[in-house]
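Heads up, the thing below is written out as structure tokens.
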Amino acid sequence: MNSALLATGGGIDFGSIFTDLAIILIVAKIAAELFERIRVPAVLGEIFAGIVIGPSMLGLIDPSDAMRILAEVGVIILLAEVGLEMDITELRKVGRVSMLVAIIGVVVPMSSGVLAGTVLGESFNASLFLGAALAATSVGITARVFGDLRALSTTEARIVLGAAITDDVLGLIILTVVTRIVQQGSVDFAGVASTIGIAVGFIAVAGAVGILVIPRLFAFIGERAVSPATVGVLAAGLTFGFSAAASGAQLAPIIGAFIAGTALSRTPQHDQISRDFKSLGAIFIPILFLQIGIDTDVTKFFSQHVLFIAAILSVIAVIGKMVAAIGARGTNADKLLIGIGMVPRGEVGLIFASIGVAIGVFDDELYAVVLLVVLFTTVITPPLLRWRIRHSQ
33 MNSALLATGG
43 GIDFGSIFTD
53 LAIILIVAKI
63 AAELFERIRV
73 PAVLGEIFAG
83 IVIGPSMLGL
93 IDPSDAMRIL
103 AEVGVIILLA
113 EVGLEMDITE
123 LRKVGRVSML
133 VAIIGVVVPM
143 SSGVLAGTVL
153 GESFNASLFL
163 GAALAATSVG
173 ITARVFGDLR
183 ALSTTEARIV
193 LGAAITDDVL
203 GLIILTVVTR
213 IVQQGSVDFA
223 GVASTIGIAV
233 GFIAVAGAVG
243 ILVIPRLFAF
253 IGERAVSPAT
263 VGVLAAGLTF
273 GFSAAASGAQ
283 LAPIIGAFIA
293 GTALSRTPQH
303 DQISRDFKSL
313 GAIFIPILFL
323 QIGIDTDVTK
333 FFSQHVLFIA
343 AILSVIAVIG
353 KMVAAIGARG
363 TNADKLLIGI
373 GMVPRGEVGL
383 IFASIGVAIG
393 VFDDELYAVV
403 LLVVLFTTVI
413 TPPLLRWRIR
423 HSQ
């Protein structure tokens with residue numbers, strides 16, 4: 033069947049996909065090893081490796097939908113791993129603080145970005161999207177660094193990850209609002225209210241199922257399963273199922289993965305599931321970070337106008353998220369560490385930028401500006417987090 037499809041020119045080039053995958057995995061491991069040896073987070077090496085093998089430099093790998101799908105699998109597994117390390121009771125303790133950090137971390141950079149875009153002569157619609165892109169937070173980058181440094185159980189990690197998950201929900205609402213303003217010239221309040229209701233309802237229902245049903249279900253399965261792989265495979269299936277449900281509710285799939293992970297953390301087979309997910313993550317998670325580098329076209333970064341605007345917005349992007357740590361006032365948490373953890377935009381900022389291009393708000397220069405800001409905030413965060421965590425310890 034595959035041969036017939038390929039012969040007609042309407043099939044998938046499996047050889048090319050597998051070649052790209054082989055290159056990505058080998059280069060990812062080499063880069064991670066090299067960067068770890070010089071005490072730089074592996075995630076940073078993987079991003080730079082993606083730039084080197086991507087179209088910007090060597091051209092060994094071209095951006096493809098197949099690799100983007102595998103990268104999405106990587107971020108799902110990463111967030112499930114984060115959820116597995118979370119203690120729901122402890123996470124609930126920092127829920128109010130995470131919410132405050134998230135709100136401040138959205139309002140300050142977004143309002144500053146809109147103001148800066150307007151002052152720099154961009155249209156109101158373009159300024160709206162610039163502000164929205166600056167409001168995003170990439171939970172994947174921060175989660176990876178906290179995990180690599182075995183700091184996921186700290187109060188600061190819980191606050192940052194809780195705030196980043198909240199940011200994804202707020203980001204969905206913001207994206208809905210600004211897209212409708214641009215396309216329709218007005219806000220559909222009923223549509224926004226519906227989006228908020230669906231988001232809150234999904235989180236409440238999925239969380240309740242995760243807490244009340246999943247641990248009992250896995251206890252039942254664990255007592256009767258014969259194959260040692262059964263529990264791990266079902267846990268992976270559950271995670272992808274929750275991710276699909278989140279996507280169906282018009283939320284980011286990573287929210288479903290995180291909820292699934294927190295549910296699995298309460299099962300009797302927690303340690304076994306965690307080991308299985310780490311094995312999966314060792315393959316798929318590096319693809320995510322190399323893909324960020326592969327998708328980055330550095331040839332667009334040499335315009336003085338682009339560099340000037342990007343520099344201004346990068347300062348806003350960093351300060352706007354650092355200020356979010358004010359939301360942790362009254363706690364003993366390291367405020368600077370929380371602020372640094374909120375800085376990276378990663379794949380979330382890229383999504384905002386690509387939508388801005390798709391609906392005609394961003395031209396090539398503004399898209400390059402957002403790419404630079406995303407890359408800058410993504411690259412500086414891992415070493416700063418490592419430095420601050422080491423300093424605190």
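Quick note: the sequence shown uses our numbering, first residue 33, plus one each step. All residues carry an ideal CB built from backbone N, CA and C; glycine is no exception. Note that this is a predicted model, so its numbers are computed, not measured.
- Here the region 101-112 lies against the region 285-295, with 3 or more beta-carbon pairs under 8 Å apart.
- Contact between L184 and E117 holds, since their C-beta atoms are separated by about 4 Å, short of 8 Å.
- In this structure S335 does not touch V405 by the C-beta definition: roughly 14 Å separates them, more than the 8 Å allowed.
- The residue among R361, R307, I344 with its C-alpha nearest the C-alpha of T409 is I344.
- Between V350 and G381, the C-beta gap is not smaller than 8 Å, which leaves the two residues out of contact.
- Shortest Cα-Cα distance from F394 to any of I372, G293, V214, I348 involves V214.
- Sorting Q282, F250, V265, G242 by C-alpha distance to the C-alpha of S226 places Q282 at the top.
- Residue range 97-117 is occupied by the alpha helix (DSSP H) that includes M99.
- Taking 8 Å as the cut-off, the beta carbon of Y399 is found closer than this to the beta carbon of V389.
- The residue from G115, V330, L266, L152 with its alpha-carbon nearest to that of I197 is G115.
- Under a 10 Å Cβ-count criterion, G233 is classified as exposed, with fewer than 16 other Cβ atoms of the shown protein chains found around its own Cβ.
- Setting aside the 5 residues that flank it on each side, V338 is surrounded in the same chain by K332, E397, A400, V401, L404, each with a C-beta closer than 8 Å to its C-beta; the list follows chain order.
- The Cβ-Cβ distance between A167 and P141 falls below 8 Å.
- Per DSSP, P414 is one residue of the alpha helix (DSSP H) stretching across 396-424.
- Cβ neighbours of I230 within its own chain (closer than 7 Å, five residues either side excluded): A281, Q282.
- The Cβ atoms of E104 and P318 lie no closer than 8 Å to each other.
- The closest CA to that of G47, considering only R361, A98, S306, is found on A98.
- Secondary structure note for G254: its alpha helix (DSSP H) is the uninterrupted segment 246-256.
- In the three-state reduction of the DSSP assignment, L283 falls in the coil class, being assigned neither a helical nor a strand state.
- Out of L244, V72, S88, I235, the CA that lies nearest to the CA of S279 is found in I235.
- Following the DSSP letters along the chain, one finds V84 inside the alpha helix (DSSP H) bounded by residues 74-85.
- Pairwise C-beta distances place the region 313-330 in contact with the region 73-93, as three or more of them are shorter than 8 Å.
- Beta-carbon to beta-carbon, I246 and L296 are separated by about 7 Å, close enough to satisfy the 8 Å threshold.
- If you look at L66, you'll find it in the alpha helix (DSSP H) that goes 46-69.
- Exclusion of the five residues before and after A60 leaves E78, P318, L322 as the residues of its chain whose Cβ lies within less than 6 Å of its Cβ.
- Shown here for A277: same chain residues with a beta carbon closer than 8 Å to its own, the five before and five after excluded, namely F234, A238, G288 in chain order.
- One Cα belongs to A158, the other to R69, and the distance between them is close to 43 Å.
- Boundaries of the alpha helix (DSSP H) around L312: 302-326.
- I62 is the residue among A257, V210, I62 whose C-alpha sits nearest the C-alpha of I85.
- By the neighbour-count criterion, in which a residue is buried when 16 or more other Cβ atoms sit within 10 angstroms of its Cβ, I101 is exposed.
- The C-alpha of L152 is placed about 45 Å away from the C-alpha of G273.
- Here S130 is actually not in contact with V330; their C-beta atoms are around 35 Å apart, not less than 8 Å.
- Per the coordinates, the alpha-carbon of F252 lies some 30 Å from the alpha-carbon of F316.
- For G381, the secondary structure class from DSSP, reduced to helix, strand or coil, is helix.
- In terms of Cβ geometry, G325 and G82 form a close pair [threshold 8 Å].
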